[in-house]
Every structure is written in C-alpha cells, then in structure tokens.
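Report on the following structure.
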Amino acid sequence: MASRIEHRAEFSQGVPEVFAAQTGEPALRARLQEIGGDNASLLDYTEGPAGVRFQLRQGVGAEKLPSAVRKLHRGDLFVDRHEQWRLDGERATGTAKATVSGVPGEITARTELTPGNGGTVLRITGEVKISIPIVGGKLEDFVADQITKLLAREAEYSAQWLAGSH
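In this text, residue positions in the sequence shown follow UniProt numbering: the first is 1, and each later residue adds one.
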C-alpha cells in the first residue's frame with residue numbers, strides 16, 4: 001500500500017516565471033541553501049531543448065528524526081530527488097523520483113504548472129512506497145507528511161524568490 005502526496009499552490013506570476021523559480025539553477029541553489037537541510041546540494045543540472053533535468057540531495061540530521069525512524073535507520077537521512085521538467089507554452093509538466101538513504105522504497109510525483117486565477121497554479125500528486133513489513137505503512141505516512149510540508153515550504157520560498165525578497 002502506498003501513501004498519497006498532494007500539494008497545490010498559487011502564484012501571481014505567469015507559468016514561465018514560476019517555471020524558472022521551480023527549475024532554474026540559481027533558484028534551486030538558493031532554495032537548497034535556505035531550506036534544503038543538512039548537506040543539501042545540487043548534484044546535477046542539465047538544461048536543453050528537451051527541458052530541464054536535475055538531481056538534488058537534501059539531508060535530515062539523525063537528531064531531527066522521530067524515534068521510530070531512528071530505530072530503523074542509523075545516522076542522518078539523505079533524500080536524492082531526480083526531477084525532469086518541460087515547459088510547453090503556457091503549461092509545464094514535471095516528474096520526480098526520490099529515494100531515501102537506507103530505506104527500501106521509492107517516492108514518485110507528477111507536477112503541473114497551469115494558468116489559473118490570474119497567475120499560475122502548481123499541482124503535485126504522488127505517492128510514497130516503503131517496503132518494510134509491519135512498519136512500512138507508518139513510515140510511508142510519516143514520509144508523505146514530511147514531503148507535503150517540504151513542498152509547502154518550497155512553494156513559499158518560490159513565491160519569495162518571485163517577489164524578489166530572497
């Protein structure tokens with residue numbers, strides 16, 4: 001069984017501007033520095049005619065993990081995110097896959113930027129699958145909750161970036 005991820009945010013700017021705030025190398029580096037966690041880094045970045053691809057690493061210190069997670073995983077957690085985005089006129093789409101160090105499973109998501117409400121609407125849907133008998137479901141719920149909170153923080157940061165107050 002997988003736990004769902006759903007997030008929605010609205011921006012007053014157009015799709016191309018929001019796309020740049022979500023996928024541009026300077027915006028990604030600044031966002032990672034501000035909210036990426038321990039040892040956060042942009043591991044790979046490629047921009048071309050087919051779109052943008054990048055890999056992020058975000059970290060969570062062991063002392064910040066709930067005790068149930070610390071029982072299953074020793075040390076800090078690292079989340080590696082591989083994202084691909086494509087801007088097509090007034091619409092952008094993206095996919096993401098993420099893994100958590102030492103945890104068997106996968107996080108997948110689809111992202112869409114569309115015009116709406118005089119600006120841009122960001123929609124992210126996905127799921128967390130963790131393959132650990134008995135405790136996998138609880139861990140999935142925890143990870144899904146943390147990802148939803150992170151997505152909200154990232155959207156807030158993107159809004160600040162777009163407003164020029166970064």
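In this text, a Cβ means the ideal position worked out from N, Cα and C, and glycines have one as well.
Small disclaimer: the values here were computed from a predicted structure and weren't measured.
- When rounded, the separation of the alpha-carbon atoms in residue 21 and residue 99 is 23 angstroms.
- Non-local C-beta neighbours of residue 59 in its own chain, meaning closer than 8 angstroms and more than five positions away in sequence, comprise 36, 37, 38, 39, 40, 76, 77, 78, 79, ordered along the chain.
- CA-CA distance, residue 84 to residue 97, rounds to 9 angstroms.
- Rounded to whole angstroms, the separation of the alpha carbons of residue 32 and residue 164 is 17 angstroms.
- A direct Cα-to-Cα measurement between residue 45 and residue 118 gives close to 31 angstroms.
- A contact between stretches requires three or more CB pairs, one per stretch, nearer than 8 angstroms, and the segment 144-159 meets this requirement with the segment 6-24.
- Within the model, the alpha-carbon separation for residue 102 versus residue 130 is close to 11 angstroms.
- According to the DSSP assignment, residue 121 belongs to the beta strand (DSSP E) that extends over 119-130.
- In this structure residue 56 is in contact with residue 81, their Cβ atoms being roughly 5 angstroms apart against a cut-off of 8 angstroms.
- Straight across, the Cα-Cα distance linking residue 144 with residue 124 is about 12 angstroms.
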